[in-house]
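Visitor:
Numbering (our numbering), first residue to last: -15 to 193.
(1) With 16 other CB atoms within 10 Å as the buried threshold, where does residue 79 fall?
(2) Give me whichever residues DSSP pairs with residue 176 in a beta bridge.
(3) Counting only the same chain and skipping the five closest in sequence on each side, list residues whose C-beta sits under 7 Å from that of residue 89.
(4) Flag this pair as touching only if the region 43 to 56 and the region 181 to 189 have three or more C-beta atom pairs under 8 Å; answer yes or no.
(5) Return yes when the Cβ of residue 145 is within less than 9 Å of the Cβ of residue 166, no when it is not.
(6) By alpha-carbon positions, which one of 177, 169, 143 ends up nearest to residue 150?
(7) Can you have a look at residue 154 and say buried or exposed, based on whether 16 or more other CB atoms are within 10 angstroms of its CB?
(8) Rank 175, 114, 191 by C-alpha distance to the C-alpha of residue 51 and give the top, closest one.
(9) Once DSSP output is grouped into helix, strand and coil, what is the label at residue 11?
(10) Give a yes or no on whether the C-beta atoms belonging to residue 158 and residue 123 are separated by under 9 Å.
Laid out in structure tokens, this is it:
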């Protein structure tokens, strides 16, 4: 484990239990007000969700592996499929990590000014943070969509929303949905991969420019 990863682990571990407790309890204060469920067919819902290419999402995530359990807040800005910026941080900005891409270059920048690059976001995070996270697929999964052109198994709830998705060795449970700017989007997800578990809570999802 590199020095940067050890430092990040120690600092994030100090706040992990607090954020993890909120994630597991599903504290209502971090969710928007509930609205009546939208009764759309899956084809109609899928068509609507695929029109969302630009967004600003905020929330919290908990990552659990056999070696560690860490938590962080996230700020994810997606710009029309062309570029994105994902910031992971602890309280008061401690241990801020910024992951950026312009579809050609993937960069990770740390709070102390160090910069790392790799051929893919997955490789970048694996090398620098030690996590096997499907960042490219999360672009779709966070909206309640399967990644295109990749085999998947899907089950739906009574409102024709994704309830469970199995794709590329990952199991994704959609535990809750909320209304964000008139669109129902996942607000609580549980992802399980090979020796890693990722829990995501979304409390803000602004779409559009």
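Built from N, CA and C at the ideal position, the CB exists for glycine as well. Please read all numbers here as calculations on a predicted model, not as lab measurements.
Guide: Inspection of the coordinates gives the following:
(1) buried
(2) Paired residues: 155, 181.
(3) 101
(4) Yes, they touch.
(5) no
(6) Selected option, being the one with the closest Cα: 177.
(7) buried
(8) 114
(9) Note that residue 11 scores 38 on pLDDT, short of 50, meaning its location in the model is unreliable and no value can be drawn from it.
(10) The answer is no: Cβ separation not under 9 Å.
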